[in-house]
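The structure under discussion appears below in the form of structure tokens.
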Amino acid sequence: MATPMIPPLMRAAQITEYHKPYELVERETPAIRNNELLIRVHAAGFCHSDLQVLQGQFNSPLGMIASHEPAGIVVRVGKDCSENWKVGDRVGALNYKNSCGKCSGCGLALRTSKKQRLDPRFCEKRETAGFHHDGAFAEYLTIDPETTVSLPPSLSFEQAAPLMCAGATVWGSLEKATSELETGDTVAIVGIGGLGHLGLQFASAMGFRTIAVDSRPAGRQLATEMFNDNLRPALVVDSGSEHATSQIMDFTNGEGVAAVVVCTDSLSANSWALTLLRIGGVMGVLGLPAENWRFDSSVIVFRELTIRGSYVASRESTERMMEAVERASIRSHITLMSFDEIPSIVTAYQDSGFKGRLVVRITD
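Going by UniProt numbering, the sequence shown opens with residue 1, and the numbers climb by one from there.
Spelled out as structure tokens, the structure:
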């Protein structure tokens with residue numbers, strides 16, 4: 001495919017002031033380094049952490065372009081890029097990029113990776129799109145081949161975008177929490193928002209019986225809204241009910257669930273979720289509460305439980321996620337916005353009736 005004409009300027013949405021709406025601006029189209037790809041962004045997601053960035057919680061530089069969930073088409077390939085990426089490839093990218101290759105995190109990745117591949121998530125000098133470096137609310141974005149994945153032919157850019165953080169985050173946690181389980185074991189997902197909705201579908205596609213848990217009627221309703229009806233949870237539980245625990249125990253014949261992934265930072269929800277596990281069960285934690293976690297150590301010790309952290313996902317894990325998405329027809333519940341609506345995206349996100357994931361169509 002011929003290299004497309006790339007304009008010198010592009011539209012973008014940047015953080016001009018904390019706690020204020022994004023500003024739509026015209027910026028120079030970024031130049032790529034020899035080891036980078038340039039993509040034309042077709043869709044970009046809005047994540048809860050984007051709100052935290054806008055509120056100044058990550059000390060992000062003012063003037064930074066927001067969003068870290070991009071999906072688009074490769075329009076330029078650096079001369080030193082690894083593998084066989086080419087102009088015209090449909091791709092998504094994780095937000096971590098440009099490992100130094102020299103720090104302890106990079107050394108560990110090279111030593112432990114089956115493909116001797118760097119993992120920018122743990123590089124001490126990594127760049128983070130949408131957190132400390134320009135992100136995906138722009139017509140063009142530079143990305144790292146080491147954190148780039150091909151998109152399945154059936155997957156739209158709008159559906160792909162939320163998979164690059166929300167999807168990868170809950171998939172990565174599920175892979176870790178269920179690595180020792182057997183087909184047919186029971187997995188609970190606590191907190192059915194954008195992550196939890198994907199988590200239910202992923203767990204079902206992996207062959208597990210699933211339980212959806214949420215105190216909100218909107219969350220419990222979302223748990224039943226699947227593009228593929230075969231991925232619906234076997235049980236939906238109101239965690240605010242006094243019968244919630246007994247419902248789950250009855251469903252598992254008194255054992256408890258084999259694994260639970262908690263997609264909320266509620267301290268009480270996480271503490272309660274730990275009590276749902278069977279002996280030897282695993283709990284994946286994804287929330288980042290302002291206060292420190294508080295767990296009952298006696299439950300952990302006497303029932304030999306494991307609490308497992310997970311930091312988004314590696315490229316290899318994300319590639320496995322994409323295979324599952326294609327095979328099982330997994331889809332997010334998305335609300336689509338136009339580029340010109342970006343300044344009002346926080347209002348839309350905080351609307352009490354909102355559910356699922358917010359996605360911006362950047363270019364056609």
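Positions of the beta carbon are idealized from the N, C-alpha and C atoms, including for glycine.
Which parts of the region 218 to 294 are runs of the beta strand (DSSP E), unbroken and 3 residues or longer, counting only runs that do not cross its ends?
235 to 238, 257 to 262, 277 to 285
Check whether the region 311 to 320 and the region 92 to 111 are in contact - that is, three or more C-beta pairs closer than 8 Å.
yes
Helix, strand or coil at A31 [DSSP, three-state]:
coil
In the DSSP assignment, what are the bridge partners of M10?
R27
If the criterion is Cβ atoms closer than 9 Å, does the pair Q14 and R33 meet it?
Contact annotation: Q14 and R33 have beta-carbon atoms that are not nearer than 9 Å.
What residues are listed by DSSP as bridge partners for R308?
G284
Going by DSSP, name the residue or residues bridged to R40.
I73, Y140
With DSSP as the reference, identify every bridge partner of F46, one or two as the case may be.
L358
Closest to F227 by CA distance: which of E146, E158, R331, P30 is it?
R331
Compute the Euclidean distance between the alpha carbons of P21 and H333, then round it to the nearest angstrom.
24 Å
Buried or exposed: G88, going by 16 or more other Cβ atoms within 10 Å of its Cβ?
Burial call: exposed.
DSSP three-state label for Y96, please.
strand
Range of the contiguous alpha helix (DSSP H) that encloses I345
345 to 350
CA nearest to the CA of A138, picked from R40, R126, C100
R40
Are the CB atoms of F251 and T178 nearer to each other than 9 Å?
no
Kindly indicate which residue of R220, A258, T245 has the alpha-carbon position closest to the one of R209.
Closest option to R209, judged by alpha-carbon separation, among R220, A258, T245: A258.
Less than 8 Å between C-beta atoms, sequence neighbours within five positions excluded: which residues of the same chain meet that for T3?
Setting aside the 5 residues that flank it on each side, T3 is surrounded in the same chain by V75, R76, V87, each with a C-beta closer than 8 Å to its C-beta; the list follows chain order.
At the level of alpha carbons, what is the spacing between V237 and G254?
16 Å
Spatial neighbours of G196 within its chain, please: CB distance less than 6 Å, with the 5 preceding and 5 following residues excluded, ordered by chain position.
I189, C263
Distance, Cα to Cα, G207 vs L198?
15 Å
Ignore the nearest five residues each way along the sequence and tell me which others in F202's own chain have a CB closer than 6 Å to its CB.
W171, L174
On the criterion of 16 or more Cβ atoms from any shown chain inside 10 Å, does Y140 qualify as buried, or is it exposed?
buried
Nearest to A324 by CA position, among L163, S49, K355, G63, is which residue?
L163
Rounded separation between L181 and A109 - CA only:
26 Å
Would you mind sorting M10 into buried or exposed? The rule is 16 or more other CB atoms within 10 Å of its CB.
The residue in question, M10, is buried, as its Cβ has 16 or more Cβ neighbours within 10 Å.
What are the start and end residues of the alpha helix (DSSP H) that includes L195?
194 to 205
C-alpha gap between M337 and S298, whole angstroms
48 Å
Pair within 9 Å by beta-carbon distance, R121 and N98
no
Which partner residues of A129 appear in the DSSP bridge assignment?
H133
From P8, L51, T29, H42, residue whose alpha carbon lies closest to that of P343:
L51
Which of helix, strand or coil does DSSP assign to I189?
strand
Taking the beta strand (DSSP E) that residue 365 belongs to, which residues open and close that run?
Because the chain in this structure spans residues 1 to 364, residue 365 falls outside the shown range and cannot be described.
Given a cut-off of 9 Å on the beta-carbon distance, is the pair P145 and E69 in contact?
no
Excluding sequence positions up to five away, which residues of its chain have a Cβ less than 7 Å from the Cβ of Y349?
F46, L51, L358
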